[in-house]
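In this note's numbering, the protein residues as written are 19 to 283.
First the structure, in the form of structure tokens, and then the observations on it.
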Ligand SMILES: Nc1ncnc2c1ncn2[C@@H]1O[C@H](COP(=O)(O)OP(=O)(O)OP(=O)(O)O)[C@@H](O)[C@H]1O
Ligand SMILES: [Mg+2]
């Protein structure tokens, strides 16, 4: 019999050991499924390897709020998918302790034809809650979302900010050990962003670990103790939020074109 793993309070919630992720991309673009199938039958589809993450090692302690920043395509969402086990790494090992909430990203887990209320039941069911469990939660959930009468209209009529309100209200209603937020906080209005920050800070105090991916550096700096800067799938810098954000902004102000670094006069 395997002996149980005993964790001490100081063990990391999340540990990534040398994670690499390879995507296979078609060398030549195809314009239709038919073309793809024909090429597949003739064994003419050829693929190139693209490494979205390369050798990422990371350890995160309970109650930490960690920000992940970096340019479009740097690998931030891929990293969250690996942690949520939506995606398996090509190499390396992921160790997560406790309950991981589904990734908070715009539109995920919602049926656009269903109303906000129906989507709450749907999401609850996916998290293992019965209809009567959800009925008990409904009042506080609605209150937090601030959606008012919009809760009974189909989600496809919502603005991005309204979808974000609903998603955040649902995902944070259940206490999890690890909350993964992918660019969702910044679409809500100022009032809602404030509510989110308060809820995130209460979570941190009770030991929930939070990973925030965002292009809004101000939000990241306000919420996070530590920041990781991803660039082309590798960790470019890691450290205190203010220091890493300053380094990232500094470099963006001096774009590199080819091998020539452009400095401002
Ligand atoms: N399913 C896929 N197949 C092939 N390549 C992919 C796939 N998903 C992502 N990629 C590529 O992997 C790289 C990293 O993508 P990812 O979505 O993790 O970036 P990101 O840092 O979240 O960017 P953004 O800031 O735009 O959200 C990109 O170059 C992207 O084109
Ligand atoms: Mg992304």
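Positions of the beta carbon are idealized from the N, C-alpha and C atoms, including for glycine.
Predicted model only: the values in this text are computed from it and were never measured.
Nearest Cα to residue 203 within the set 172, 145, 228, 243: 228.
Cα atoms of residue 74 and residue 102: separation of roughly 16 Å, rounded to the nearest angstrom.
Secondary structure remark: continuous beta strand (DSSP E) runs of at least 3 residues inside the segment 70-112, in chain order: 83-87. At the C-beta level, residue 64 and residue 42 stay beyond 8 Å of one another. Short of 6 Å from the beta carbon of residue 109, and not among the five residues preceding or following it, lie these beta carbons of its own chain, in chain order: 38. Per the CB criterion, closer than 7 Å to any heavy atom of ligand 2, the qualifying residues run in chain order as 94, 95, 200, 201, 231.
Using a Cβ distance threshold of 8 Å, residue 86 and residue 246 count as a contacting pair. The segment 235-271 is shown to contain whole alpha helix (DSSP H) runs of 4 or more residues at 235-241, 259-270, in chain order. Taking a C-beta distance under 8 Å as the contact criterion, residue 197 and residue 114 do not qualify as a contact pair. By the Cβ rule, the segment 153-169 does not count as touching the segment 229-240, because fewer than three pairs are nearer than 8 Å. Within its own chain, the residues whose Cβ lies closer than 7 Å to the Cβ of residue 250, once the five positions on either side in sequence are excluded, are 92, listed in chain order. A check of alpha carbon separations from residue 188 across 208, 172, 144 identifies 144 as the nearest.
Taking 7 Å as the cut-off, one finds at least one heavy atom of ligand 1 near enough to the beta carbon of residue 91. Taking the C-beta atoms as reference points, residue 137 is found nearer than 8 Å to residue 184.
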